[in-house]
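**Q** So that we are looking at the same thing, I have put the structure below in structure tokens.
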Amino acid sequence: MAKHLLKLMDLSKGDITDILNLADQLKYEKKHGIEHHYLKGQTLGMIFQKSSTRTRVSFEVGMYDLGGSALFLSSRDLQIGRGEPVEDTARVLSGYLDGIMIRTFEQAEVEALAEYGSIPIINGLTDYCHPCQVLADLMTFREIKGNFEGKKMCYIGDGNNMANSLIVGGIKMGMKVAVACPSAYQPDAEIMKWASENGDFLCTENILEAAKDADVIYTDVWASMGQEEEKAEREKVFTGYQINDDVMAVAAPDAMVQHCLPAHREEEITAKVFEEHADEIFAEAENRLHAQKAVLVKLMGNK
Ligand code: CP
Ligand code: NVA
103 MAKHLLKLMD LSKGDITDIL NLADQLKYEK KHGIEHHYLK GQTLGMIFQK SSTRTRVSFE
163 VGMYDLGGSA LFLSSRDLQI GRGEPVEDTA RVLSGYLDGI MIRTFEQAEV EALAEYGSIP
223 IINGLTDYCH PCQVLADLMT FREIKGNFEG KKMCYIGDGN NMANSLIVGG IKMGMKVAVA
283 CPSAYQPDAE IMKWASENGD FLCTENILEA AKDADVIYTD VWASMGQEEE KAEREKVFTG
343 YQINDDVMAV AAPDAMVQHC LPAHREEEIT AKVFEEHADE IFAEAENRLH AQKAVLVKLM
403 GNK
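Okay, so the sequence shown: first residue is 103 according to my numbering, each after it adds one.
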């Protein structure tokens with residue numbers, strides 16, 4: 103497996119399966135009170151240039167569970183927020199830490215940390231992708247549905263970081279993937295090209311076509327972090343790109359609903375569908391912890 107988790111495209115199907123298997127094991131150990139201090143004495147730095155509830159808390163608790171510790175590093179307080187180059191930050195922090203999780207805007211910043219640092223780098227969300235979330239999503243799907251092969255994933259909404267990672271994760275695991283997005287808000291063109299060449303992939307503006315017979319339906323906010331000024335414009339464009347009863351009626355009868363959270367009820371999902379599928383959505387949120395612990399052990403556990 104690669105030294106870093108920068109994007110899901112860098113992982114093979116076998117790498118993803120190994121992470122999911124370890125995540126299941128770590129979840130079992132945690133639930134049964136079995137100590138699993140696989141990263142004893144190690145420290146993870148967590149750089150946040152954007153807000154977070156799940157990513158911050160799950161990585162911090164995850165390191166504690168694994169016998170290590172985590173440092174919350176807000177870009178408001180770091181010199182990086184005042185213009186110190188990421189290349190220098192990477193080399194400095196490599197002397198103190200055993201790994202870095204970073205949430206930021208540009209994918210290039212995460213790639214630069216990996217290039218200049220000498221410790222594992224984990225992408226905790228960029229504008230381009232959200233690999234940790236989709237590992238938790240795949241873990242949750244496998245827990246509930248058993249396997250991936252031939253199952254259909256549908257994503258409705260903005261062709262954003264979540265869409266990009268879901269497409270890559272779904273196709274790599276052998277799922278059919280259909281996304282419904284407005285034409286000006288489609289996922290990354292290279293990812294869509296790769297998906298079409300490597301699996302069963304559809305991108306459409308028709309949400310019911312995308313949702314037809316789907317085993318799992320995902321959505322995400324219409325305006326992501328950093329797009330706050332576009333909110334009013336996006337509300338107009340995305341009206342109708344919503345998981346609601348009409349969408350659920352054409353999906354497979356036992357279809358799951360997933361949302362990375364935070365959710366905006368009556369925008370990308372109705373309150374009714376959200377509450378009907380709340381158990382699945384909050385299992386997905388919990389699995390961030392287990393899936394990320396597996397990533398941490400895979401990347402930092404060989405010292
Ligand atoms: N889903 C997710 O990444 O949540 P946070 O923004 O709260 O970390
Ligand atoms: N697309 C959202 C995901 C939040 C977890 C954002 O980037 O804000």
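Glycine included, each C-beta is placed from N, C-alpha and C at the ideal position.
Is the CB-CB distance between Leu215 and Ala192 below 9 Å?
**A** Yes, the pair counts as a contact, with Cβ atoms nearer than the cut-off.
**Q** Using only the alpha-carbon positions, how far apart do Met402 and Phe303 sit?
**A** Taking the straight line joining both Cα atoms gives about 34 Å.
**Q** Would the beta-carbon of Gln235 fall within 9 Å of that of Cys362?
**A** Yes, these two residues count as a Cβ contact at 9 Å.
**Q** Any idea what DSSP makes of Met148, helix, strand or coil?
**A** Strand at Met148.
**Q** Rounded to a whole number of angstroms, what is the C-alpha to C-alpha distance between Ile182 and Ile149?
**A** Going from the Cα of Ile182 to the Cα of Ile149 covers about 10 Å.
**Q** Tell me, please, which residues DSSP counts as bridged to Tyr257.
**A** According to DSSP, Tyr257 bridges with Val281, Tyr320.
**Q** Can we count Val236 as close to ligand 2, meaning its CB is less than 8 Å from some heavy atom?
**A** The answer is no for Val236.
**Q** Closest by CA to Gly197, which one among Gly147, Leu227, Gly226, Gln151?
**A** Selected option, being the one with the closest Cα: Gly147.
**Q** Based on Cα-Cα distance, which residue from Glu331, Leu107, Tyr320 lies nearest to Met350?
**A** The candidate whose alpha carbon is nearest that of Met350 is Tyr320.
**Q** Taking the CB atoms as reference points, tell me whether Ile224 and Leu398 lie closer together than 9 Å.
**A** In this structure, Leu398 lies closer than 9 Å to Ile224 by Cβ.
**Q** Helix, strand or coil, according to DSSP, for His232 in the structure here?
**A** Three-state DSSP puts His232 in coil, outside helix and strand.
**Q** Nearest CA to the CA of Ile273: which residue from Asp381, Ile293, Phe207, Val339?
**A** The residue with the shortest Cα to Cα distance from Ile273 is Ile293.
**Q** Check this for me: beta carbons of Ala325 and Asp381, under 9 Å apart or not?
**A** The answer is no: Cβ separation not under 9 Å.
**Q** Measuring from the CB of Met105, is there a heavy atom of ligand 2 at a distance below 8 Å?
**A** Residue identity differs from the one stated: residue 105 is Lys in this sequence, not Met. No, the Cβ of Lys105 stays beyond 8 Å of every heavy atom of ligand 2.
**Q** Find out if the Cβ-Cβ distance for the pair Ile258, Gln329 is shorter than 9 Å.
**A** No, they are not a contact pair.
**Q** Is it true that the CB of Val352 sits closer than 9 Å to the CB of Val318?
**A** Taking 9 Å as the Cβ cut-off, Val318 and Val352 do not qualify as a contacting pair.
**Q** Is Ala385 near Glu162, with beta carbons less than 9 Å apart?
**A** Contact: no.
**Q** From the DSSP output, in three-state form, read off Asn225 for me.
**A** In this structure, Asn225 counts as strand in the three-state DSSP scheme.
**Q** Which residues bound the beta strand (DSSP E) around His361?
**A** From DSSP, the beta strand (DSSP E) with His361 extends over 358-361.
**Q** Name the residue from Thr119, His106, Asp112, Ala387 whose alpha carbon lies nearest to the alpha carbon of Phe250.
**A** The residue with the shortest Cα to Cα distance from Phe250 is Thr119.
**Q** Please work out which residues of its chain come closer than 7 Å, Cβ to Cβ, to Gly170, disregarding the five sequence neighbours upstream and downstream, and give them in chain order.
**A** Same-chain partners within the cutoff: Leu141, Lys142, Gly143, Gln144, Thr145, Leu146.
**Q** Whose C-beta lies closer than 8 Å to the C-beta of Gly252 among residues of the same chain, with five residues either side of it excluded?
**A** Gly276, Met277, Lys278, listed in sequence order.
**Q** Relative to the C-alpha of Lys338, which residue among Glu311, Glu378, Pro284 is closest?
**A** Minimum Cα distance to Lys338 is reached at Pro284.
**Q** Are the beta-carbon atoms belonging to Leu122 and Leu268 less than 9 Å from one another?
**A** No, Cβ-Cβ distance for Leu122 and Leu268 is not below 9 Å.
**Q** Check whether the Cβ of Pro364 sits closer than 8 Å to any heavy atom of ligand 2, and report yes or no.
**A** Because some heavy atom of ligand 2 lies under 8 Å away, the Cβ of Pro364 counts as near it: yes.
**Q** Restricting to Cα atoms, I'd like to know which of Ala104, Ser114, Gly116, Lys132 is closest to Asn389.
**A** Per the Cα distances, Lys132.
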